[in-house]
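Engineer: The opening position of the sequence shown corresponds to residue 58 in my numbering, with each subsequent residue numbered one higher.
Backbone N, C-alpha and C fix where the C-beta goes; we use that ideal spot for every residue, glycine too.
One structure is given below, represented as structure tokens, and several questions about it will come after.
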Amino acid sequence: GLPLDDLQRPPPFDDASRPIIREVSRMFAGLTSVQALVADNEAWDERERFYRDFYTALYLENCMSDLRWNQLNHEGPSKEEARRLMLAALTGAYCSGDGSDSDYMCSACAVHCASRGWVGSEDSSGD
58 GLPLDDLQRP PPFDDASRPI IREVSRMFAG LTSVQALVAD NEAWDERERF YRDFYTALYL
118 ENCMSDLRWN QLNHEGPSKE EARRLMLAAL TGAYCSGDGS DSDYMCSACA VHCASRGWVG
178 SEDSSGD
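Next comes the structure, spelled out in structure tokens:
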């Protein structure tokens, strides 16, 4: 059988039609950092920024809840950073505009925020 590390490694993603998903996949594989991905706003349109922020927030929560926190390339992000990114995804231009009616992932983002008590404003507090 495959060693456990091979089973935990995400499959390669090289679909040129979804470059943000490729970059998020690289982050999950430990090949790029959260900070490098979120620092680059110019490369992404509104939809891609939504997916970047949504998946990065989920990634950060995952890292804080298992061994990945100590194993992958991170630079000290926190639970607050996960919250900030998830709220940015929810309140950003994509989910406030075209994506709100056409992309079910905006609804998924809203459910994630609601289930965590993150009401959907930058000044709300919740755990």
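1) What does a CB cutoff of less than 8 Å around Cys-166 pick up in its chain, not counting 5 residues either side in sequence?
2) Would you mind reading off the limits of the alpha helix (DSSP H) that contains Ser-82?
3) Between which residues of its own chain and Glu-118 is the CB-CB distance below 6 Å, once the five residues before and five after are set aside?
4) Taking the alpha-carbon of Ile-77 as reference, which of Tyr-116, Gly-87, Arg-104 and Leu-88 has the nearest alpha-carbon?
Structural biologist: By the coordinates alone:
1) Around Cys-166: Phe-107, Phe-111, Met-143, Ala-146, Leu-147 and Cys-152.
2) Looking at the DSSP string, the run of the alpha helix (DSSP H) that includes Ser-82 is 76-85.
3) The beta carbon of Glu-118 sits closer than 6 Å to the beta carbons of Ala-139 from its chain, once the five residues preceding and following it are set aside; these are given in chain order.
4) Each of Tyr-116, Gly-87, Arg-104 and Leu-88 was checked against the Cα of Ile-77, and the nearest Cα belongs to Arg-104.
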